[in-house]
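*Asks:* Heads up, the sequence shown is in the working numbering, so the first residue is 870 and it goes up one at a time. Quick one: the structure is below, and I'll ask about it shortly.
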Amino acid sequence: MTAESKKKTAWVRTAVDYGAPIAFAVTYFATKNFQTATWVLVAASALALVVGYAVERRVALLPLFSGLMALIFGVLGLAFHSDVFVKIKVTVVNGALAAFMIGGVFLNRAPLKALMGEALHMSDAAWRTLTLRYGGYFAVAAIANEVVRLTQDTPTWVKFRIALLPLAIVFSLTQTPFIMKHMAKPDDQKTPEPPDAGF
């Protein structure tokens, strides 16, 4: 794959990861209608999965999991005419990822290595540390979502939800020095993709 192709693929991956939640938020603030925004979320999530597969000929596990959850909870929200399903989906996804990451480490596994091992080469100890950090991030995101969901109105929750997107990137960037320090091959240094923020 050429450098230009990689750049195009990176842009597509970013659009796939963040397109649906951004489309949801834009629709919500434009229409003030949560149901309409949920329809957009469901459609955009389905489109993101299709586009991601068409471009890369595969669907990475984290975007696949998040995309399917968006579809399931979005459809439930539409069927029951309730915003609770879309809001709680963020908690469920991030909570599940936190349990997967942290639980895997306690079972002497490194789930993050299985997801990103081809891109990064580090020792098992470094992978465990990085996995715990990502698990902690997901746990904090899940807890924060519940606090905002239960204490704030819908417009505030939507703003919070969108704020999680850049926060995921910032968190990922803060892990770069640790990764660089523990890379087995300096030539393979690469900033990790940010964890999916849970839409």
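Each residue gets a CB set at the ideal place from its N, CA and C atoms; glycine is no exception. Predicted model, so just to flag it, every value in this text is computed and none were measured.
For the alpha helix (DSSP H) that LYS958 lies in, which residues bound it at each end?
*Replies:* First-last of the alpha helix (DSSP H) with LYS958: 953 to 975.
*Asks:* Does the structure place the segment 973 to 981 close enough to the segment 1024 to 1034 that three or more beta carbon pairs sit under 8 Å?
*Replies:* Because the criterion of three Cβ pairs below 8 Å is not met, the segment 1024 to 1034 and the segment 973 to 981 do not touch.
*Asks:* Under the DSSP definition of a beta bridge, which residues are partnered with MET1052?
*Replies:* MET991
*Asks:* What is the DSSP secondary structure of GLN904, reduced to helix, strand or coil?
*Replies:* helix
*Asks:* What do you reckon, are the CB atoms on PHE1007 and LEU966 nearer than 9 Å?
*Replies:* yes
*Asks:* Would you say MET1052 and MET991 are within 9 Å of each other, going by their C-beta atoms?
*Replies:* Their beta carbons are under 9 Å apart, which means MET1052 touches MET991 by this criterion.
*Asks:* Is GLY936 near ALA917, with beta carbons less than 9 Å apart?
*Replies:* yes
*Asks:* To the nearest angstrom, how far is the alpha carbon of ASN902 from that of ILE941?
*Replies:* 19 Å
*Asks:* Return the first residue and the last residue of the alpha helix (DSSP H) that ALA979 is part of.
*Replies:* That residue, ALA979, is in no alpha helix (DSSP H); it is neither H nor E in DSSP.
*Asks:* Less than 8 Å between C-beta atoms, sequence neighbours within five positions excluded: which residues of the same chain meet that for THR1001?
*Replies:* In the sequence as presented, Thr is not what sits at residue 1001; that position holds Leu. Once the five neighbours on either side are set aside, the close Cβ partners of LEU1001 are MET970, ILE971, VAL974.
*Asks:* Around the Cβ of ASP993, are there at least 16 other Cβ atoms within 10 angstroms (buried) or fewer (exposed)?
*Replies:* exposed
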